[in-house]
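Colleague: Count along the sequence shown starting at 1, add 769, and that's the number in the working numbering.
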Amino acid sequence: MYQAIIIGCGFAGAVAARELAEKSGKKVLIVDERGHIGGNCYDKYDEHGILVHQYGPHIFHTNNTRVYEYLSRFTGWLPYRHEVVGNIYGKKLPIPFNLNALETVFGDQAKHLKKILIDTFGEGARVPILKLRESEDKDLRMIAEYVYENIFLKYTMKQWGQKPEEIDHSVSGRVPVLLSYDNRYFQDEYQGMPADGFTPLFEKMLDYPGIEIRLNCPAKEVLSFHPDSGQPVTFEGKPYDGMIIFTGALDELFDCRYGRLPYRSLDFEWEHYGKPFYQSHAVVNYTVTEEYTRITEYKYLSGQSDKPDTTIMKEYPRSYGGLKGEIPYYAINNTANQALYKKYHDMAEKIPNFYALGRLAEYKYYNIDAIIDRVITFTEGIGKERA
Ligand code: UDP
């Protein structure tokens, strides 16, 4: 019999499985309703031989040495420096908006503006756009208005259906105004792409005695929960009192009985071109025009720059309605949604040995490194912590 059953085989589930099997010698079953491992980090070669991320671009970056070293057990790294440009009515600017962007946009005024920015916030500062907008100085306000209008407002409307000030402020704060000449999207100490891709990384992580995986297996096919009645959980019809780690959407586990938790979803449009490159960077954000938010050209991420052809992907955000085939990508964090989430979490707490972990199950905007760190800490404290 399994001592732990894990629902979902993305980073949350896979790291939990490996840690429980390796550190505690547990016999672990992972079930996933999809036909592959890796969750939304799943990548594969398309029909043109280009490594693509089926669920949108995932770039690994972290300042967390423990996480970097942990993943390095399962993969080598392709050194990769992620740079993004914004397409602003055809003109390109580095994103995050930085001192290079300031010089491009403000020309002769840039020297003076740079001094005010640095005197106010310090060299190298990462200033959230909503904070910059609160400035009283008229020059700082002018910069803030330019960046808000041209980088944040329309992109955020597309992505979230709301203005930057209407969504959780930490979301726009992920992409600050950066008071340096560093054109990288992330300033973290470690960044890179798994040398052979994410899927082989997952394969290695999961290749350990005691880990069994069942794909194309929706949780409810094998497990049943009775949080109201106090009856035990059953696995394949028999009472199960081992650990359950759930990484899916909690509302759906409980048949959305209190109403659906809101998420944003994405539609992807794939295109292939018989020319070496489509655009200048791996990711170009369309911050003022187009219905899509960004275009990713995958060969930059996979290091396949010498290929004569190229595959790109456009992202069209939209709301998530829970229909078949739709995928909830982003939790929409606000007070009302957190209150609704808490109802589901309270319900989950009634199930013994049940732990909710990950972007979906915790209704949080986790980066890869943050969820890995969370799961390692969680497995170290098994028995002491309830997720
Ligand atoms: N954002 C924006 N314009 C940009 C890039 C980001 O307005 O060019 C805002 C937008 O609200 C977005 C958030 O910043 O949802 C976080 O961006 P990030 O690139 O971190 O999003 P992810 O890659 O996770 O979708």
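All C-beta atoms, glycine included, are put in the ideal place defined by N, C-alpha and C.
From Q823 to V800, what distance separates their C-alpha atoms?
Modeller: On the sequence shown, residue 823 is found 54 positions in, with the first residue counted as 1. On the sequence shown, residue 800 is found 31 positions in, with the first residue counted as 1. Q823 and V800: Cα-Cα distance of roughly 20 Å.
Colleague: Just the Cα atoms here: how many angstroms apart are R910 and T1065?
Modeller: What you label residue 910 is simply residue 141 of the sequence shown in a count that begins at 1. What you label residue 1065 is simply residue 296 of the sequence shown in a count that begins at 1. C-alpha separation (whole angstroms): 32 Å.
Colleague: Check L1092 in the structure and name its three-state DSSP category.
Modeller: By one-based count along the sequence shown, residue 1092 stands at place 323. Reduced to three states, the DSSP call for L1092 is coil.
Colleague: Pull the bridge partners of F1015 from the DSSP assignment, please.
Modeller: By one-based count along the sequence shown, residue 1015 stands at place 246. DSSP lists I776, A1125 as partners of F1015.
Colleague: From N985, D1075, G808, D1115, pick the residue whose C-alpha is nearest to that of F1046; which is it?
Modeller: Here residue 1046 corresponds to residue number 277 of the sequence shown, with the count starting at 1. Checked all of N985, D1075, G808, D1115; the closest Cα to F1046 is D1075.
Colleague: Around the Cβ of W929, are there at least 16 other Cβ atoms within 10 angstroms (buried) or fewer (exposed)?
Modeller: Start at 1 with the first residue of the sequence shown, and residue 929 comes out as number 160. Buried is the call here.
Colleague: So what does DSSP say about F1037, is it helix, strand or coil?
Modeller: Residue 1037 sits at position 268 when you count from the first residue of the sequence shown. Of the three classes helix, strand and coil, the one that applies to F1037 here is strand, per DSSP.
Colleague: Starting from R910, follow the alpha helix (DSSP H) in both directions and report where the run begins and ends.
Modeller: Walking along the sequence shown from the start, residue 910 turns up at place 141. From DSSP, the alpha helix (DSSP H) with R910 extends over 907-916.
Colleague: Where D915 and F1123 are concerned, what is the direct C-alpha to C-alpha distance, given to the nearest angstrom?
Modeller: The sequence position of residue 915 within the sequence shown is 146, counting from 1. The sequence position of residue 1123 within the sequence shown is 354, counting from 1. Reading off the sequence, residue 915 comes out as Tyr, not Asp. Looking at the two C-alpha atoms, the distance is approximately 48 Å.
Colleague: Using the Cα positions of K1093 and E905, report the straight-line distance between them to the nearest angstrom.
Modeller: Here residue 1093 corresponds to residue number 324 of the sequence shown, with the count starting at 1. Here residue 905 corresponds to residue number 136 of the sequence shown, with the count starting at 1. Answer to the nearest angstrom: the Cα atoms are 49 Å apart.
Colleague: Could you check where the alpha helix (DSSP H) with E838 kicks off and where it finishes?
Modeller: Translated into positions along the sequence shown, residue 838 becomes position 69. E838 -> alpha helix (DSSP H) spans 834-841.
Colleague: Quick check on P933: buried or exposed, where buried means 16 or more other Cβ atoms within 10 Å of its Cβ?
Modeller: Here the question's residue 933 lines up with position 164 in the sequence shown. The residue is buried, with at least 16 neighbouring Cβ atoms inside 10 Å.
Colleague: Have a look at the DSSP bridge pairing and note the partners of R829.
Modeller: Residue 829 sits at position 60 when you count from the first residue of the sequence shown. For the sequence presented, residue 829 should be read as Phe rather than Arg. Looking at the DSSP assignment, F829 forms a beta bridge with G961.
Colleague: Quick check on T968: does DSSP put it in helix, strand or coil?
Modeller: Residue 968 sits at position 199 when you count from the first residue of the sequence shown. If DSSP states are grouped into helix, strand and coil, T968 belongs with the helices.
Colleague: Work out the CA separation of N856 and N1054 for me, nearest whole Å.
Modeller: For the purposes of this step, residue 1054 is taken as the residue at position 285 of the sequence shown. For the purposes of this step, residue 856 is taken as the residue at position 87 of the sequence shown. Answer to the nearest angstrom: the Cα atoms are 6 Å apart.
Colleague: I want to know whether the segment 865-875 touches the segment 933-952 - three or more CB-CB distances under 8 Å.
Modeller: Yes: at least three Cβ pairs fall under 8 Å.
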